[in-house]
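K.L.:
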Amino acid sequence: MGHSHAAGHGHGHGHGHGHGHGHDHSHDHHHPNTELDASTLAALDESVPDSDLSPTEVSRRGLLRSAGILGGTAALAVTGAQFAAATAPKDGWIFNHGNRPNVWLAGDHHIHTQFSSDGMYRVIDQARHAAAYGLDWLVITDHGGATHARIGVDLVNPQIKAARSELKDTLIFQGLEWNIPAAEHGTIFVAPGSREVEVLKQFENSYDGSVKNAGANTAANEALAVSGIQWLGQQVDKRRVADALFLANHPARNGIDSPHEIRNWRDADPRIAIGFEGAPGHQAGGLPKGIGTGGARGIYGNSPNANSFPAYPPESYRTWGGFDWMTATVGGLWDSLLAEGKPWWISANSDSHNNWNETARRPDGSSQEQFDRDGRYMDPVYGNQVLPTNSDFWPGFYSRTHVGADRRDYLSVMEGLRNGRMWVDHGMLAKGVEVEVREVGKRYGEPLGGALVVRKGRPVELVVRITAQTMPNWANFVPTLNRVDVIQGAVTGHVSDRDTFAAPKTKVVRQWDTSGKRGTFELVHPLGRVEEASYIRVRGTDGHRSQPGYHGAAVDPAGPALDVVGDADPWVDLWFYTNPIWVLPK
């Protein structure tokens, strides 16, 4: 595997059992005064760079640094008691030790308001709809740019604080949509705190591609993006904010997120750069004219431009079953990262700007000129007609990212995202999805985002536990999950060509017909005896639209179908995807 240790297996520290959250002892919940778990031991070994640690180990190391335990001192002399004090829940940090999440929290990390030059709604409008449509958390991400950087990031904060106090059960993060230098957009957000505005504003003014005129595809601009991610990590280390995350948005839409840029972002600081949108927003964009815009689903109706990565094929500029080509392609770009052993997670969200089947409009006199002056549009007004030109759904109406968290609070959601405890779905396809890989005969295994470290030759199995949907979705039908697929890939390690976007050893290894299944049911797939490192991920579908995958039927016999521009009804083409679990021999 070369030096690609990021999936969290042993780093030759002499503790001999990897990162420790896949072992029997992780369920004994040893008191931290008596034993340091393997994640901590790995984090303490400063001879190992951050880029070779798993997300759990990286976040552990960040905490140890901030507690003054790491950094030039005799770090390995730390006692369990010191570590327990440093990681006490009083500061909100929670770490998973291979245990199942206590709670699943649905959310959306990509939402716009009247503080975006192409938005309309108030924060409370978006937050109330999100709560009504079943979301537990959301991120307000108005577009970065000159006006937002000057006053918008300040002006939106009181609205966010007011929404937090109105909707006490909904976690509302402040973020922004970063114009990534030399690339696409991305969600940047921070944990709430006294300096959330200050940090976001400083980030935007220093690193936004629009503010810095750094959109062109140059090495200097790519380096600026990397610096921005590293800067966010430094703000966490300095405790200016308790946490910060970055996810790349609609990565294949314009072909300008090259594979090496995605790898560079991830490696810049794996605590901060954690993934990309597996499915973009704007899911109403492909509804036919008359009821919709007659455009492309996800507004993925583009073709290559001067800044596009030339090796991307024409099909990559479209969605497949509503999902981005990088995610929808078995053996594609996402899999190429996972096959390296790099944790990189997928999400799904609304990208809500102007919502389909909606009567609100901007008031007369609310113009671009007025926006540029005031940093926001005037509050929307009732418009007395439905605009078929809107391509978006309200947050929670169609797309959901389900995060496994230890508890219902801001830092737990961020830690769940960082740990890859996530599955995503469209149209409420399933009520619940839980996945684990375990040694045969063991009661517990490793959940989504984790890595099960087992002795060579031990038999392991994949367990998928699904709760079928019983409630009608927002299109007023109860969706049926008719098929579940298992995708498995070999971990082949470090790649010499950082523009690789293929994983030839990844394919669909199992398809279950789940039609007619009700209630909660379990699907078990034997993975055989562990000889080599691998990863497993799961997807499911209503089965209405399928075609052989981009790499052919031998790799993916019935994957999502290429969406048709002007005729892509999102409600008759529903999928869920999970993040991966690794299996690593020791």
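First residue of the sequence shown? That's 1086 in this note's numbering, and the numbers climb one at a time after it. All residues carry an ideal CB built from backbone N, CA and C; glycine is no exception.
1) Quick check on the DSSP output: the beta strand (DSSP E) that includes A1515 runs from which residue to which?
2) Is P1365 buried or exposed, if buried means 16 or more other CB atoms sit within 10 Å of its CB?
3) Less than 8 angstroms separating the beta-carbons of W1597 and V1563?
4) Going by Cα to Cα distance, which pick from H1579, T1414, D1221 and P1395 is closest to N1302?
5) Restricting to Cα atoms, I'd like to know which of S1139, N1392, G1360 and I1245 is closest to E1281.
6) Ignoring anything shorter than 3 residues or poking outside the stretch 1508-1586, list the beta strand (DSSP E) runs there in chain order.
7) Taking the CB atoms as reference points, tell me whether M1463 and R1447 lie closer together than 8 angstroms.
8) Nearest CA to the CA of T1255: which residue from Y1529, G1530, G1613 and D1193?
9) Could you tell me which residues DSSP puts in a beta bridge with A1433?
10) For a cutoff of 8 angstroms on Cβ pairs, would you count S1393 as touching chain D?
11) Considering Cα atoms alone, identify which of N1434, V1326, H1197 and A1231 is closest to N1298.
12) Going by CA-CA distance only, name the one from G1260, A1247, A1268 and A1337 that's closest to A1304.
13) In this structure, does DSSP put G1426 in helix, strand or coil?
14) Where does V1241 fall in DSSP's three states?
15) Can you check DSSP and say which residues form a bridge with N1475?
16) In this structure, does DSSP put A1231 in helix, strand or coil?
17) So, for H1110: in the same chain, excluding its five sequence neighbours on each side, which residues have a beta-carbon less than 6 angstroms away from its beta-carbon?
18) Name the DSSP beta bridge partners of I1265, please?
19) Among G1380, I1314 and G1379, which one has its Cα closest to the Cα of R1348?
20) Opposite H1270 in the DSSP bridges: which residues?
21) Hey, F1661 and G1625: beta-carbon distance below 8 angstroms or not?
22) Can you tell me whether V1133 is helix, strand or coil according to DSSP?
23) If you reduce the DSSP assignment to three classes, tell me which class W1597 lands in.
24) Taking 8 angstroms as the threshold (C-beta atoms), are G1574 and A1529 in contact?
25) Just checking my contact of V1525 with E1500 at CB under 8 angstroms: how many whole Å lie between their CB atoms?
26) Leaving out five residues before and five after P1465 in sequence, what residues of the same chain have Cβ atoms less than 8 angstroms from its Cβ?
27) Buried or exposed: V1471, going by 16 or more other Cβ atoms within 10 Å of its Cβ?
28) What number of angstroms, rounded off, separates the C-alpha of V1650 from the C-alpha of I1376?
29) Using the three-state DSSP reduction, which class does W1189 fall into: helix, strand or coil?
30) Does the separation of the CB atoms of L1317 and E1289 fall below 8 angstroms?
31) With DSSP as the reference, label A1169 as helix, strand or coil.
32) Would you call the stretch 1424-1433 in contact with the stretch 1576-1588, where contact means no fewer than 3 C-beta pairs closer than 8 angstroms?
33) Please classify R1614 as buried or exposed, where buried requires at least 16 other C-beta atoms within 10 Å of its C-beta.
34) In terms of residues, what are the limits of the beta strand (DSSP E) holding V1488?
35) Residues bridged to R1624 by DSSP?
36) Spatial neighbours of I1384 within its chain, please: C-beta separation below 7 angstroms, excluding the five flanking residues on both sides.
P.N.:
If we stick to the structure as given:
1) Counted as a single uninterrupted DSSP element, the beta strand (DSSP E) harbouring A1515 occupies residues A1515 to E1524.
2) P1365 comes out buried.
3) No, they are not a contact pair.
4) Minimum Cα distance to N1302 is reached at P1395.
5) The residue with the shortest Cα to Cα distance from E1281 is I1245.
6) List check, beta strand (DSSP E) in window: 1515-1524, 1536-1539, 1544-1553 and 1568-1575.
7) A distance below 8 angstroms separates the beta carbons of M1463 and R1447.
8) Looking at the Cα atoms, D1193 is the closest of the given residues.
9) Its beta-bridge partners are A1364.
10) Reference to chain D is not applicable here, since this structure consists of a single protein chain.
11) Comparing Cα positions, the closest option is A1231.
12) Looking from the CA of A1304, the closest CA among G1260, A1247, A1268 and A1337 belongs to A1268.
13) DSSP, reduced to helix, strand and coil, places G1426 outside both helices and strands of the structure shown, so it counts as coil.
14) Three-state result, V1241: helix.
15) For N1475, which the question treats as bridged, DSSP gives no partner whatsoever.
16) Here A1231 sits in helix by DSSP.
17) Note on H1110: pLDDT 36, under 50, position unreliable in the model; the coordinate value appears next. Here the set comprises nothing.
18) Bridge partners of I1265: none, in fact.
19) Distance from the Cα of R1348 is smallest, within the candidate group G1380, I1314 and G1379, for I1314.
20) Paired residue(s): N1264.
21) Using a Cβ distance threshold of 8 angstroms, F1661 and G1625 count as a contacting pair.
22) V1133 falls in the coil class under three-state DSSP.
23) It is a strand residue.
24) Correcting the residue identity first, residue 1529 is Tyr in this sequence and not Ala. No.
25) Not a contact, Cβ separation roughly 30 angstroms.
26) Excluding sequence neighbours, P1465 sits near Q1199, M1205, Y1206, R1207, D1210, A1445, R1446, R1447 and P1448.
27) Sixteen is the threshold: since fewer than 16 other Cβ atoms of the shown chains lie within 10 Å of the Cβ of V1471, the residue is exposed.
28) If you take the alpha carbons of V1650 and I1376, they lie about 14 angstroms apart.
29) In the structure shown, W1189 sits in a strand (DSSP, three-state: E or B).
30) No, the Cβ-Cβ distance between L1317 and E1289 is not below 8 angstroms.
31) For A1169, the predicted structure reports a pLDDT of 42, less than 50, and the residue's modelled location is therefore unreliable. The matter cannot be settled from this model.
32) Three or more beta-carbon pairs drawn from the stretch 1424-1433 and the stretch 1576-1588 are found closer than 8 angstroms, and the two stretches are therefore classed as touching.
33) Exposed is the call here.
34) S1484 to A1490 is the span of the beta strand (DSSP E), which, as asked, contains V1488.
35) For R1624, which the question treats as bridged, DSSP gives the partners D1570 and Y1662.
36) Close CB contacts of I1384 within its chain, under the 7 angstroms cut and outside five residues either way in sequence, are with H1367, G1370 and S1476 (chain order).
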